Amino acid sequence: MRIGNLDIWPNIVLAPMAGITSHPFRTLCKKYGRVGLVVTELISSHAIHYRNQRTWGMFDWTDEERPAFCQLFGGDPATMAEAAQVVVENGADGVDINMGCWVPKVAKTGAGAALLKDLCQAEAVVKAVVDAVGDTVPVTVKVRSGWDSKDVTAIRFAKAAANVGVKAITVHARFASQGFSGTADWSVIGQVKEAVNGIIPVIGNGDIETPQDAKRMMAETDCDAVMIGRAAMGNPWLLARIGLYLETGVLSPEPDGFERIAVAREHAQMQVAQQGEDIGCRELRGLLSHYFKGIPGAPRIRESLTKIKTLSDIEAILDDAHERFVIRLEESDGDGTVAERELAAA
Ligand SMILES: Cc1cc2nc3c(=O)[nH]c(=O)nc-3n(C[C@H](O)[C@H](O)[C@H](O)COP(=O)(O)O)c2cc1C
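Shown next as structure tokens:
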């Protein structure tokens, strides 16, 4: 897939996820998932305008993640244009405009998915950002299907966005009013693809959990790339497994318990290095628990993780999990078959 002047390969994008896709997780997805593009969590254009120090800390992309797009939200064209210039000056490879966030804190200000209720304003925001930075980096948008089922706005908006210079559009195929309920209706992605008629690439998003899902979405909608969110949490390998499956049809095995423990450890070390022990450990309580889905003894590990305060607390839990996994292997039939079977069944 080509977004503006950038070649994106593999055509797999890590979804922006607030509280999840900061530098450590993006880096791990790049390393173990080999994604083509990563996107930061949503960043407030107003916070950038007011030079909020904490927000500057979110400009945390590094060369090993590139290309890395920065996602901005805001309903005011001038503020969005200014914020886009700031993040590009700080090295973002592209600017993604959030038009999918439905939470009241964002939507009430006329930002995020609320822009889908006012396409004039949406176009003004997009045009301002394209005018501000479009000559330097690609500008993309991420939308929901629409605000609610009364209007599948994404189809109309996609064409308008392409006309004002947007270089790719991501469609999370749910209405904003649905939140995360129900299932994504991928047919909307196909309709958006038809509407833009090859002028810009369309990235399909919503409910991909397996390599087979990704292949099915591409076949059903003809989208140019897939974006993966929740299923990648604690599972960066999924992105590589999807890439391999799309390219060759080969379904590679899931990582074993040792690999999960090792990467959870790497994640913890990076998070603490970036955020310090206090904030880092608080964030890691949730983040690390995702690595243990399907591991024998996962509930016990998750329970222990709720109490972590220091990196050594985490190391001790992971050492213990490692030890238990070794014992399981030894108690099995020697070559790990029983443990692997347990892992698959858990
Ligand atoms: C915890 C969480 C945080 C999210 N934060 C953002 C965000 O900052 N910006 C955004 O555009 N979408 C955000 N999303 C939506 C995802 O990018 C994605 O569109 C959605 O999860 C559907 O994809 P999935 O089924 O692969 O998870 C978030 C989703 C989750 C679960």
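Counting in this note's numbering, the sequence shown runs from 25 upward without gaps.
Glycine included, every Cβ here is placed at the ideal spot set by N, Cα and C.
None of these values were measured; they are calculated from a predicted model.
- Relative to ligand 1, E65 has its C-beta within less than 6 Å of a heavy atom.
- Between ligand 1 and the CB of A131, the shortest heavy atom gap is not smaller than 6 Å.
- Under DSSP, M123 takes part in a beta bridge, and its partners are V167.
- Runs of the beta strand (DSSP E) lying entirely within the stretch 129-178 and spanning at least 3 residues, in chain order: 163-170.
- For L96, the three-state secondary structure derived from DSSP is strand.
- Of the residues assessed, S211 falls on the exposed side of the cut-off, its CB having fewer than 16 other CB atoms within 10 angstroms.
- Between F282 and the set G203, W126, V350, D248, the nearest pair of CA atoms involves V350.
- Between K333 and I44, the alpha-carbon positions lie close to 19 Å from each other.
- Counting the other Cβ atoms within 10 Å of the Cβ of P128 gives fewer than 16, which makes it exposed.
- Across the set V188, E113, V111, Q145, the C-alpha of Q145 shows the shortest separation from the C-alpha of M123.
- For T103, the secondary structure class from DSSP, reduced to helix, strand or coil, is helix.
- In the three-state reduction of the DSSP assignment, S46 falls in the coil class, being assigned neither a helical nor a strand state.
- DSSP places M241 in the helix class (H, G or I) of the three-state scheme.
- Note on the stretch 199-234: whole alpha helix (DSSP H) runs with a minimum of 4 residues are 211-220, in chain order.
- In the three-state reduction of the DSSP assignment, I67 falls in the strand class, which pools E and B.
- The stretch 295-309 makes no contact with the stretch 257-277: fewer than 3 CB pairs, one atom from each, lie closer than 8 Å.
- Just so you know, the alpha carbons of G170 and T207 end up roughly 15 Å apart.
- With respect to the C-alpha of K183, the residue from S205, W126, E218 having the closest C-alpha is E218.
- Closest in alpha carbon position to D142, among V59, D155, D100, is D100.
- By the Cβ rule, the stretch 70-82 does not count as touching the stretch 54-61, because fewer than three pairs are nearer than 8 Å.
- Taking V220 as the centre and dropping the five residues before and after it, the same chain places the C-beta of A182, K183, A186, I193, V226 closer than 8 Å to its C-beta, in chain order.
- When C-alpha distances from V165 are compared across A108, D175, R284, the shortest belongs to A108.
- Boundaries of the alpha helix (DSSP H) harbouring V296: 281-313, taken from the DSSP string.
- Rounded to the nearest angstrom, the Cβ distance from P40 to L66 is 6 Å, consistent with a contact under 8 Å.
- Between N35 and A249, the C-beta spacing is below 7 Å.
- Leaving aside the five residues that flank V176 on each side, the residues in its chain whose CB is nearer than 8 Å to its CB run, in chain order, S169, G170, V212, Q215.
- Ligand 1 has no heavy atom closer than 6 Å to the beta-carbon of A286.
- Under the 10 Å beta carbon count, R75 is surrounded by fewer than 16 other beta carbons and is classified as exposed.
- Between G118 and V161, the gap from beta carbon to beta carbon is short of 7 Å.
- Between the alpha carbons of E106 and A340 lies a gap of roughly 46 Å.
- For the options D31, M104, A238, the alpha carbon positioned closest to that of A156 is the one of M104.
- Counting the other CB atoms within 10 Å of its CB gives L275 a total below 16, which places it among the exposed residues.
- Within a 10 Å sphere around the beta-carbon of S205 sit fewer than 16 other beta-carbons, which makes this residue exposed.
- Your pair L140 and I121 does not check out as a contact, with CB atoms roughly 12 Å apart and the cut at 8 Å.
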